[in-house]
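Structure record follows, encoded as structure tokens.
Protein chains in written order, with my numbering: chain A, 232 to 566; chain B, 232 to 566.
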């Protein structure tokens, strides 16, 4: 467990020497810098030997997850997979809150031999059980990537949605360590589960109450979110009144309405605001629930917590298992 | 079960003949009228033989409970207990929504012999198992009344708060049918239970989130409500941040602030509005919960549902048991 991380750095340096120029313009937060992770502050942490391989950068969700890992004291693996259309290159991921940063060499998914070789090198240095992958790639890559993780016996957190989810379930059977969830926002999953439990435990507790739903998302989102559908399902079970999501939900998709609804100007292009209201038939009682998310941080931090959870289970020596965010939530506070 | 209600009416007429003038000014909703209940519409109901003895009128909460019973198709017993300082009299209770009304003779609690005699008459006509009491009296009457219900083997719903609750628990042991709850507002109890479950299942799920609480009540309420304290307990367990209810809750107790907070002008003297907000450390995620109650209707209707629940249990032939509002909620929709 207390192995030095020196061999990893050596592997990384070899990568850097052979790295061609990046084929994309690095966004503000990635700067090609030193290959050395800032690790001093995490040496006392239970995660000091863990290396998180973030796959899907420079995509915004994978990058946000990598930043959240740095913020929460985790170290990034010096390599990660990227899409087949991205040329191999090295980026620097930086978390602005803590100032922690890390260089990551992106390996195109067309070069899986290189990916395997680098994983081998990484594990040789870090220890077999000390690498966990995060996947925020593309729906079309979900199933292939999952099979690769299983083949490599690489524990992973699958945050990418889409793909063939049934096949995913079959491919990643018992014996493998994984967290698979369509929504990595811990707090949102918790709220959703609480409402589902409430509807199951106390059916028709709000019998006759009228449900009103207003939600705002970025203009590019055509439909209502899966979270809204799930929450509406529970609330309409509580009110015992059918609610047609498509015709009855008030969807805001223009900037002026979203701003009025409380969305920050900066978040007009990426937000998920929801207000549900249950009103008693005579109007004397009103319950209102809002969950308002700007940006990707809540999902990114939930992903980092899922990594911590998975690593904890691995170190407890248990048999591999596929977990959900509910399991992560049940674990409670993660150091 | 299908006994005619005629004997009850006969008992009631005897009461009316011997009734002195009411010793209080009848509020708008009670009018001394005919002694005949409007019962035609409930003859097909499973509650057609049930007579609800509402104790504590003309107090506003007992009166609201009686109106809720009428609204929900239940018949009132023609007698009810009132305080020792109220002279015996007959009032009419009317539910404005349905137009249903009932005359109820109030028997002062100093005349418990008369109360017993009238209960005996009522049961002789209606059937032993067909009378259930509701208690919205006074904290000082809670324990004495409960002992009387037990002595009379009269199933009851205790909505009165205060008194010695431990003694109450001891006095009303197994074998007696009762619903005892400090809050009869079904929907509020459900929400409170859901948050408590959430905090138990997913401790620290909102770790680091900041909690803000604003509540508004009528000017005469000095402290924060028990519901707010319970909800804050759950939310601060979820955020894993201590919250001092007394110093950190923003309490609104003046009309202007309450109106700004959304309270109707008519409800300034009787409302319970609460807004809880959980905000992530970086401000990108916000959850908000509101429960806003005007008047007494939510508690009154929960009480009527508790009566229905209790009567259902009695008719199922089960052994007597003391239930809570959680049990009522678990039962789901009540016809």
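Where a beta carbon is used, it is the ideal one built from N, C-alpha and C, also for glycine.
Fair warning: this is a prediction, and the values are worked out from it, not measured in the lab.
1. Would residue 549 of chain B be called buried (16 or more neighbouring beta carbons within 10 Å of its own) or exposed?
2. Is any beta-carbon of chain B found at less than 8 Å from that of residue 421 of chain A?
3. Would you mind reading off the limits of the beta strand (DSSP E) that contains residue 323 of chain A?
4. State buried or exposed for residue 288 of chain A, treating a residue as buried only when at least 16 other CB atoms are found within 10 Å of its CB.
5. To the nearest angstrom, how far is it from the Cα of residue 337 of chain A to the Cα of residue 380 of chain A?
6. Any beta carbon of chain B sitting closer than 8 Å to that of residue 526 of chain A?
7. Work out the CA separation of residue 509 of chain A and residue 441 of chain A for me, nearest whole Å.
8. The alpha helix (DSSP H) with residue 429 of chain B in it runs from where to where?
9. In this structure, does DSSP put residue 565 of chain A in helix, strand or coil?
10. Shorter than 8 Å from the beta carbon of residue 399 of chain A to some beta carbon of chain B?
11. State the CB to CB distance for the pair residue 362 of chain A and residue 296 of chain A, rounded to an integer number of angstroms; the pair is presumed to be in contact (CB under 8 Å).
12. With DSSP as the reference, label residue 250 of chain A as helix, strand or coil.
13. Distance check for residue 345 of chain A and residue 512 of chain B, CA to CA, integer angstroms please.
14. How long is the line joining the alpha carbons of residue 331 of chain A and residue 517 of chain A, rounded to whole angstroms?
15. Using a Cβ-Cβ distance under 8 Å, would residue 500 of chain B count as near chain A?
16. So which of A/429, A/523, A/333 and A/422 has the shortest CA-CA distance to residue 445 of chain A?
17. Taking 8 Å as the threshold (beta carbon to beta carbon), is residue 560 of chain A in contact with chain B?
18. Taking three-plus beta-carbon pairs below 8 Å as touching, is the stretch 488 to 498 of chain B in contact with the stretch 462 to 476 of chain A?
19. List, in chain order, every chain B residue whose beta-carbon is nearer than 7 Å to that of residue 429 of chain A.
20. Can you list, in chain order, the residues of its chain whose CB lies under 7 Å from that of residue 534 of chain B, leaving out five sequence neighbours each side?
21. What does the alpha-carbon distance come out to for the pair residue 430 of chain B and residue 342 of chain B?
22. Is the stretch 321 to 329 of chain B close to the stretch 392 to 403 of chain B, with three or more CB pairs under 8 Å?
23. How many Å lie between residue 544 of chain B and residue 348 of chain B at the Cα?
24. If you drop the 5 nearest sequence neighbours on each side, which residues of the same chain put their C-beta closer than 6 Å to that of residue 449 of chain A?
25. Look at residue 539 of chain A and residue 565 of chain A and say whether their C-beta atoms are less than 8 Å apart.
26. Got a sec: is the Cβ-Cβ distance from residue 438 of chain A to anything in chain B below 8 Å?
27. Near residue 410 of chain B, what residues of its chain come up, given a Cβ to Cβ distance below 6 Å and the 5 sequence neighbours on each side ignored?
28. Starting from residue 514 of chain B, trace the alpha helix (DSSP H) in both directions and tell me its first and last residue.
29. Using the beta-carbon count (16 or more within 10 Å), is residue 397 of chain A buried or exposed?
30. Nearest by alpha-carbon distance to residue 359 of chain A: which of A/377, A/373 and A/386 is it?
31. Are the beta-carbon atoms belonging to residue 305 of chain A and residue 340 of chain A less than 8 Å from one another?
Quick answer:
1. Residue mapping note: residue 549 of chain B aligns to position 318 of the second chain, counting from 1. So residue 549 of chain B ends up on the exposed side.
2. In the first chain, residue 421 of chain A corresponds to position 190, counting from 1. With 8 Å as the cut-off, residue 421 of chain A counts as an interface residue toward chain B.
3. Taking the first chain and counting its residues from 1, the one referred to as residue 323 of chain A is at position 92. Its beta strand (DSSP E) spans residues 320 to 325.
4. In the first chain, residue 288 of chain A corresponds to position 57, counting from 1. Looking at its Cβ environment, which holds 16 or more other Cβ atoms inside 10 Å, residue 288 of chain A is buried.
5. As a working note, residue 337 of chain A is residue 106 in the first chain. As a working note, residue 380 of chain A is residue 149 in the first chain. Each residue's alpha carbon lies about 17 Å from the other.
6. Counting from one through the first chain, the residue named residue 526 of chain A turns up at place 295. For residue 526 of chain A, the answer is yes, since a Cβ of chain B falls inside 8 Å of its Cβ.
7. On the first chain, residue 441 of chain A is found 210 positions in, with the first residue counted as 1. On the first chain, residue 509 of chain A is found 278 positions in, with the first residue counted as 1. Their backbone Cα atoms lie some 5 Å apart in a straight line.
8. Residue numbering aside, residue 429 of chain B sits at position 198 when the second chain is read from its first letter. Unbroken alpha helix (DSSP H) run through residue 429 of chain B: 417 to 432.
9. For this step, residue 565 of chain A is matched to residue 334 along the first chain. The answer is coil: DSSP assigns residue 565 of chain A none of H, G, I, E or B.
10. Looking up residue 399 of chain A in the first chain gives position 168. With 8 Å as the cut-off, residue 399 of chain A does not count as an interface residue toward chain B.
11. To locate residue 362 of chain A, count along the first chain from 1; it is residue 131. To locate residue 296 of chain A, count along the first chain from 1; it is residue 65. That pair is no contact at about 15 Å.
12. The residue you call residue 250 of chain A lines up with position 19 of the first chain. Since pLDDT at residue 250 of chain A reaches only 36, below the 50 mark, its modelled position is unreliable, and the value read off the structure follows with that caveat. Three-state DSSP puts residue 250 of chain A in coil, outside helix and strand.
13. Residue mapping note: residue 512 of chain B aligns to position 281 of the second chain, counting from 1. Residue mapping note: residue 345 of chain A aligns to position 114 of the first chain, counting from 1. Straight-line Cα distance between these residues: approximately 40 Å.
14. Residue mapping note: residue 331 of chain A aligns to position 100 of the first chain, counting from 1. Residue mapping note: residue 517 of chain A aligns to position 286 of the first chain, counting from 1. Answer to the nearest angstrom: the Cα atoms are 45 Å apart.
15. Here residue 500 of chain B refers to the residue found at position 269 when the second chain is read from its first residue. Cβ-Cβ to chain A under 8 Å: no for residue 500 of chain B.
16. The residue you call residue 445 of chain A lines up with position 214 of the first chain. Considering only alpha carbons, the answer is A/523.
17. Looking up residue 560 of chain A in the first chain gives position 329. Residue 560 of chain A counts as touching chain B.
18. no
19. Numbered from its first residue, the first chain carries residue 429 of chain A at position 198. In chain order: 421 and 425.
20. What you label residue 534 of chain B is simply residue 303 of the second chain in a count that begins at 1. The residues are 296, 299, 365, 388, 390 and 415.
21. Indexing the second chain from 1 puts residue 430 of chain B at position 199. Indexing the second chain from 1 puts residue 342 of chain B at position 111. Taking the straight line from one Cα to the other gives about 49 Å.
22. no
23. To locate residue 544 of chain B, count along the second chain from 1; it is residue 313. To locate residue 348 of chain B, count along the second chain from 1; it is residue 117. In a straight line, the C-alpha of residue 544 of chain B is about 26 Å away from that of residue 348 of chain B.
24. As a working mapping, residue 449 of chain A is identified with position 218 in the first chain. Cβ neighbours of residue 449 of chain A beyond the five flanking positions: 500 and 501.
25. On the first chain, residue 539 of chain A is found 308 positions in, with the first residue counted as 1. On the first chain, residue 565 of chain A is found 334 positions in, with the first residue counted as 1. Yes; because the gap between Cβ atoms is below 8 Å, this pair is in contact.
26. Residue mapping note: residue 438 of chain A aligns to position 207 of the first chain, counting from 1. By this cut-off, residue 438 of chain A is an interface position.
27. The count along the second chain starts at 1 and reaches residue 410 of chain B at position 179. Contacts found: 388, 537, 541 and 554.
28. Counted from its first residue, the second chain places residue 514 of chain B at position 283. No alpha helix (DSSP H) contains residue 514 of chain B, which DSSP labels as neither H nor E.
29. As a working note, residue 397 of chain A is residue 166 in the first chain. Under this definition residue 397 of chain A is an exposed residue.
30. In the first chain, residue 359 of chain A corresponds to position 128, counting from 1. Closest by alpha carbon: A/386.
31. Taking the first residue of the first chain as 1, we reach residue 305 of chain A at position 74. Taking the first residue of the first chain as 1, we reach residue 340 of chain A at position 109. No, these two residues do not count as a Cβ contact at 8 Å.
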